[in-house]
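In our numbering, the protein residues as written are 600 to 930.
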């Protein structure tokens, strides 16, 4: 259904930069929640009551707005939801399938950038790059001497939880550093013969020097890294998380770091973003970034084109470019 101006109507439920927003408005009649200044319930009710109600919505991955039964009840005209992230833990896929609502996500738009960021975090933690940089800036070098040595990356046994688009790219990058790659996923990958598969994360951690979380967040993977897994990783182990904060039991991670049960961590995601446990701020063996692994100037541009292509496919009755189904396995 098109608006009076001939453009299909969409709901925009996330903040966008000006160029992205302009590109959307050139093609669609955009109902922008953040620009409206209204409470969410009032905004959605007004959209649903419009003469040409929206048939598609853009939501942010990991955002506070959940596309669940209540949301779909409020805007029953919706038949397509596009998530600007790869993760869809904020979308009730089963409910969408029941109602005939198509779902798409960012696909592989971010995969290369996230893989690069994961490797960067790992190098930073092992070689103590950020900590040494702070040491130099503080003027400690001429007073206290050389900063303590870091650890070599080459030869490390790296266990990757989730060997999907991102995990497989991380593995290829770390192979080039001379790392040995292990992995866990819901089932072995037939296309991978050089990496050892572990059917459970505890055994993966016990055999690894580094554990990298690169899986989706769902009922199987919430707190997949728990106290037992952290203990199995051991006092010389490092954990990197570029998946979702809730993939790791954050409280247990803080305890493990405080008590020296693991050697360090590189974290781009957290359980209660943007809140980060204050205990982590003073730990020099922890590197923190603010859920930015996906973001580069190039990925922002690619996401814009990818979003528009999916929406145009939907409104023209064509298959979505990157559909997500209730039985999809993202690992």
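Glycine is no exception: its CB is placed at the ideal position from the N, C-alpha and C atoms.
Span of the alpha helix (DSSP H) around residue i
i           : result
residue 632 : 632-635
residue 639 : 639-648
residue 722 : 710-726
residue 617 : 617-626
residue 742 : 740-743
Three-state secondary structure (DSSP) of residue i
i           : result
residue 606 : coil
residue 734 : helix
residue 785 : coil
residue 655 : strand
residue 769 : helix
residue 777 : coil
residue 803 : helix
residue 846 : helix
residue 871 : strand
residue 701 : strand
Candidates the options: closest to residue i by CA position
i           : options               : result
residue 869 : 788, 816 and 832      : 816
residue 874 : 844, 627, 895 and 764 : 844
residue 726 : 825, 752, 670 and 877 : 752
residue 931 : 831, 708 and 903      : Since the first residue of the chain shown is 600 and the last is 930, residue 931 is not available in this structure.
residue 558 : 881, 911 and 888      : Residue 558 lies beyond the range of the chain shown here (600 to 930); nothing can be said about it.
residue 881 : 910, 892 and 864      : 864
residue 685 : 906, 724 and 805      : 906
residue 688 : 821, 711 and 911      : 821
First and last residue of the uninterrupted beta strand (DSSP E) at residue i
i           : result
residue 850 : Run containing residue 850: none in the beta strand (DSSP E); it sits in the alpha helix (DSSP H), 849-857.
residue 934 : Here the chain comprises residues numbered 600 to 930, so residue 934 is not present and cannot be evaluated.
Minimum Cβ-Cβ distance from residue i to chain D less than 7 angstroms
i           : result
residue 809 : No chain D appears in the structure shown, which is made up of a single protein chain.
Does the region 708-722 touch the region 686-698, meaning 3 or more C-beta pairs lie closer than 8 angstroms?
no
In chain order, which beta strand (DSSP E) runs of at least 3 residues are fully inside the region 877-925?
885-887
Report the start-end ranges of each beta strand (DSSP E) in the region 805-839 that is 3 residues or longer and not cut off at the edges.
809-812
With three or more beta-carbon pairs closer than 8 angstroms as the criterion, would you say the region 790-808 touches the region 729-738?
no
Does the region 846-860 come close enough to the region 645-660 to have 3 or more Cβ pairs within less than 8 angstroms?
no
Touching or not, the region 696-713 and the region 664-683, by the rule of three or more beta carbon pairs under 8 angstroms?
yes
Output the residue ranges of the beta strand (DSSP E) runs that lie fully inside the region 653-697 and measure 3 residues or longer, sorted by chain position.
655-658 and 679-682
Touch test, the region 770-782 against the region 827-835, Cβ-Cβ under 8 angstroms, three pairs minimum:
no
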